[in-house]
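Below: one structure, written as structure tokens.
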Amino acid sequence: MEHQVSPVSLPGCKSLTQRALLLAATAEGETRLIGCNQGDDSESLKECLIALGVEICEEGDALLVNGLAGPLIADGVRLDVREGASTFRFLVAQVAAGGGEAIFSGSPRLMERPHEGLLDCLRAKGATIEFEYEKGEKVLKVISPGIKGGDISLEDSSSSQYLSSLLLVPWQSKALIRAAALDASRGYVDLTLEAVARFRGVGSVVPLAEDWCVQPGVGEGSVWDLPGDASAATFFLAGLLVNGGDLVYSAPPDPLHPESRLARDLVGMGFLAVTEDVICAPESFPEKRLELNLDYCPDAGPALAVACAFLPSGGRLTGLHRLKDKESDRLRGMQNLVAAVGGKTAFEGEALVIAGSISSSIAESLDTAGDHRMAMAGGVAQLRFPNLEIKTPECVTKSFPEFWSTFKKWRNG
485 MEHQVSPVSL PGCKSLTQRA LLLAATAEGE TRLIGCNQGD DSESLKECLI
535 ALGVEICEEG DALLVNGLAG PLIADGVRLD VREGASTFRF LVAQVAAGGG
585 EAIFSGSPRL MERPHEGLLD CLRAKGATIE FEYEKGEKVL KVISPGIKGG
635 DISLEDSSSS QYLSSLLLVP WQSKALIRAA ALDASRGYVD LTLEAVARFR
685 GVGSVVPLAE DWCVQPGVGE GSVWDLPGDA SAATFFLAGL LVNGGDLVYS
735 APPDPLHPES RLARDLVGMG FLAVTEDVIC APESFPEKRL ELNLDYCPDA
785 GPALAVACAF LPSGGRLTGL HRLKDKESDR LRGMQNLVAA VGGKTAFEGE
835 ALVIAGSISS SIAESLDTAG DHRMAMAGGV AQLRFPNLEI KTPECVTKSF
885 PEFWSTFKKW RNG
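Counting with our numbering, you get residues 485 to 897 for the letters of the sequence shown.
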């Protein structure tokens, strides 16, 4: 009898859920979003939008969003964005453009992360944006007369979320956004363009030589069945590298998502194979290091570091410059992950080299620093070392609340 592979149910795409919720909130009419990501980041964005006056309700597996047909206007509201960098950055741009006053609170780590590139851009257009302390808690206060559009200069493009924040705003007059050359993942900007086009039409954003021309308008409500999350899929791909097996998705990730490219690259290099819709490990791995530039898939870093430690020839990872500024210092975290499973790392210039062919674990537990990607990468390591204890495993709720049960079902399938 032919072996039947149990499909893996990925959560809804977090990146597209964030963008779709914002676009639906400012659009005219009702939007039905099916299969939204239900992690903490998406939930906090939903709560913030409701606090800003947007009507959102659940109907089965769908969210119904009654759009405001205009910008988000804050009336002194306090918005808790928890740990969500995209929630924070997207909403700050929306409030600055719409006008009014808001106080943003969030986790201490979020408030430490770099945001100044976007904030300086909005300050230059007349918004007053300052960090303050309330009873020892760092918060961000935004007071803005509103920004209609016009010429907007984004001089720091170290995060693609800065540009995406501006592209998502329902400008009231044509906006010409001049952005510095993108240092970060352009693929996430492409996701933003995909979402904007769905609500506001193809041609609502026109990329020019050095500028982005954004037409005014809020767009219309839509029905969108969101694809699976490509970032979540990464941990199952890494699991194939560590422990073999087969992988089938019940709903595939969006091919435009930058991390969807990871599976194609691993297949192209011979580290994975595909038969029809089944992804699997090859009969034998190539006799070479796995070499990848993580610039297009920085969230995959922890899982790939673990995988490289188990590959026969190890791996060499580049494009690491943004990993220190994630939910934790992931560059250090990746080194700790490899050390926990008995592996060794070294730097060749700016590249992290990971020795392969480990056979025994050293650590009894793994400190995830409360980082969801680190915890899920620890789950990959448990495929070979099931007694490795993962500290704060519940932090996966940020993006993939059902990770542990889904991963266990796949592992035992």
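We treat Cβ as the ideally placed atom computed from N, Cα and C, and that holds for glycine.
Quick caveat, the model's predicted, so the values are computed rather than measured.
Span separating the alpha-carbon of residue i from that of residue j
{"i": "residue 844", "j": "residue 820", "result": "15 Å"}
{"i": "residue 489", "j": "residue 730", "result": "7 Å"}
{"i": "residue 486", "j": "residue 724", "result": "Any reading at residue 486 is ruled out, since the residue's pLDDT is 48, under 50, leaving its predicted position unreliable."}
{"i": "residue 564", "j": "residue 623", "result": "10 Å"}
{"i": "residue 663", "j": "residue 768", "result": "45 Å"}
{"i": "residue 706", "j": "residue 620", "result": "43 Å"}
{"i": "residue 842", "j": "residue 787", "result": "16 Å"}
{"i": "residue 647", "j": "residue 846", "result": "43 Å"}
{"i": "residue 652", "j": "residue 614", "result": "22 Å"}
{"i": "residue 697", "j": "residue 592", "result": "35 Å"}
{"i": "residue 853", "j": "residue 874", "result": "10 Å"}
{"i": "residue 711", "j": "residue 744", "result": "11 Å"}
{"i": "residue 815", "j": "residue 804", "result": "7 Å"}
{"i": "residue 779", "j": "residue 590", "result": "26 Å"}
{"i": "residue 726", "j": "residue 840", "result": "11 Å"}
{"i": "residue 641", "j": "residue 680", "result": "20 Å"}
{"i": "residue 824", "j": "residue 876", "result": "16 Å"}
{"i": "residue 708", "j": "residue 520", "result": "9 Å"}
{"i": "residue 526", "j": "residue 552", "result": "19 Å"}
Start-to-end residues for the alpha helix (DSSP H) that takes in residue i
{"i": "residue 498", "result": "498-510"}
{"i": "residue 534", "result": "524-535"}
{"i": "residue 752", "result": "744-752"}
{"i": "residue 777", "result": "Unbroken run through residue 777 is the beta strand (DSSP E), 774-777; no alpha helix (DSSP H)."}
Pair within 8 Å by beta-carbon distance, residue i and residue j
{"i": "residue 629", "j": "residue 610", "result": "yes"}
{"i": "residue 772", "j": "residue 797", "result": "yes"}
{"i": "residue 754", "j": "residue 739", "result": "no"}
{"i": "residue 673", "j": "residue 644", "result": "yes"}
{"i": "residue 741", "j": "residue 807", "result": "no"}
{"i": "residue 882", "j": "residue 567", "result": "yes"}
{"i": "residue 718", "j": "residue 789", "result": "no"}
{"i": "residue 579", "j": "residue 722", "result": "no"}
{"i": "residue 493", "j": "residue 890", "result": "yes"}
{"i": "residue 556", "j": "residue 529", "result": "no"}
Cβ distance (whole Å) where residue i is taken to contact residue j below 8 Å
{"i": "residue 522", "j": "residue 885", "result": "6 Å"}
{"i": "residue 879", "j": "residue 838", "result": "With a Cβ gap of about 24 Å, residue 879 and residue 838 do not count as contacting."}
{"i": "residue 799", "j": "residue 774", "result": "4 Å"}
{"i": "residue 554", "j": "residue 510", "result": "7 Å"}
{"i": "residue 887", "j": "residue 858", "result": "12 Å between Cβ atoms; not a contact."}
{"i": "residue 713", "j": "residue 691", "result": "Between residue 691 and residue 713 the Cβ distance is about 26 Å, and since that is not below 8 Å, they are no contact."}
{"i": "residue 703", "j": "residue 507", "result": "7 Å"}
Run of the beta strand (DSSP E) containing residue i, from where it starts to where it stops
{"i": "residue 612", "result": "612-618"}
{"i": "residue 892", "result": "Note, residue 892: premise wrong, no beta strand (DSSP E); alpha helix (DSSP H) at 887-895."}
{"i": "residue 764", "result": "762-764"}
{"i": "residue 757", "result": "757-759"}
{"i": "residue 785", "result": "Counting along the chain, residue 785 falls outside any beta strand (DSSP E), though it belongs to the alpha helix (DSSP H) covering 785-794."}
- Would you list, in sequence order, the uninterrupted beta strand (DSSP E) runs of no fewer than 3 residues that lie entirely inside the stretch 540-600? 546-550, 558-564 and 584-589
- Task: Could you tell me which uninterrupted beta strand (DSSP E) segments, each at least 3 residues in length, are contained entirely in the stretch 652-704, listed from first to last along the chain?
- Result: The beta strand (DSSP E) runs of length 3 or more contained entirely in the stretch 652-704 are, from start to end of the chain, 659-663, 689-691 and 695-698.
- Task: Return the chain-ordered ranges of every beta strand (DSSP E) run that is complete within the stretch 821-865 and spans a minimum of 3 residues.
- Result: For the stretch 821-865, whole beta strand (DSSP E) runs of length 3 or above, ordered along the chain, are 829-832 and 835-838.
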